[in-house]
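Peer 1: Residue numbers (our numbering): -2 to 104. The beta-carbon is built from N, C-alpha and C at its ideal position, and this holds for glycine as well. Here's a structure for you.
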Amino acid sequence: ESVALAARTYQDIRLAQLPVEARETLQRIRSGASMPYAKDGTVFGNRERHLPRQTRGFYREYTVPTPGVRHRGARRIVCGGKEMRQPETCFYTGDHYNSFQRIDPRH
């Protein structure tokens, strides 16, 4: 199932389809747990406009650890909303913001 947002189409991804590390990161976001990387929770600028346009500060980015990689790697979750523990929308990217999949909130 795809959802058209801001003239762009995002493929939905179910929680069960995400890498286990992404599911764990999403759980940390929703629980308000501390995050392992200093950049986690910082504003995602959406400069390339791959995500629907929102006011600055709407989106926050979080690192999804990559097994076997010593640095932050390319995987991220970007969530948007007023309260990060209850995000309005979340996206997953496995290729450092080149493409995004909307995380299906129903599953």
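1) Which residue's Cα is closest to the Cα of H47: D92, P102, R103 and D101?
2) Determine the closest residue to R82 out of A30, L15, S96 and D9, with distance taken between C-alpha atoms.
3) Can you give me the Cβ contacts of K79 inside the same chain, cut-off strictly under 8 Å, excluding the 5 residues immediately before and after it?
4) Is it right to say E58 is buried, meaning 16 or more other beta carbons lie within 10 angstroms of its own, or is it exposed?
5) If we ignore side chains and look at the alpha-carbon of each, how far apart do Q51 and V75 end up?
Peer 2: Per the coordinate set shown:
1) D92
2) A30
3) E85
4) buried
5) 13 Å
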